[in-house]
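S.K.: Can you keep this structure in mind? I'll have questions shortly.
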Amino acid sequence: MSVVLCVTLWPNPGFEEEMVAYEDGVLALLPEHGSRVVARVRTLSDAAASEGAEPPFETQIIELPDDSALDSYMRDPRRLAGADVRDRAIARTEIQRVSLA
């Protein structure tokens, strides 16, 4: 059974470009794990925050064949090697399992 994730990301202030570069790199690894980016979108700069909450900078929909592929991707040494960049650039990440409609 496939796994579909909705990933929302908030960069640290001033680190938007570094976050995008990091995500470009790690998302490029997905096909090697039999997975794909279904969609990758960014919030418009003039979007109003709802109820005072800051909207995410980027939202990704990722489809993986199964939990084993997700584990393999999460443990990929190339992905893990960028942990320092991720920690510096990304303030918050939320991941939800979703279904494609």
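Numbering (my numbering) for the sequence shown: 16 to 116.
The C-beta atom is built at its ideal place from N, Cα and C for all residues, glycine as well.
(1) Near arginine 55, which residues of its chain fall below 6 Å by C-beta distance, leaving aside the five closest residues on each side in sequence?
(2) Could you give the first and the last residue of the continuous beta strand (DSSP E) run that contains glutamate 109?
(3) Judging by CA-CA distance, which residue of Ala36, Trp25 and Val41 is the nearest neighbour of isoleucine 77?
(4) Can you tell me which of the three DSSP states arginine 90 falls into?
(5) Which residue wins for smallest C-alpha separation from tryptophan 25, given the options Ala36, Leu59 and Pro70?
(6) Looking only at its chain, what residues have a beta carbon closer than 7 Å to the beta carbon of aspartate 86, apart from the 5 residues adjacent to it on each side?
(7) Using beta-carbon positions only, say whether methionine 34 and isoleucine 110 come within less than 8 Å of one another.
M.R.: The short version:
(1) Residues Gln75 of the same chain have their beta carbon placed closer than 6 Å to that of arginine 55, with the five preceding and five following residues left out of the count.
(2) Looking at the DSSP string, the run of the beta strand (DSSP E) that includes glutamate 109 is 105-113.
(3) Here the closest residue by C-alpha is Val41.
(4) Here arginine 90 sits in coil by DSSP.
(5) Sorting Ala36, Leu59 and Pro70 by C-alpha distance to the C-alpha of tryptophan 25 places Pro70 at the top.
(6) Nothing meets the Cβ criterion.
(7) No, they are not a contact pair.
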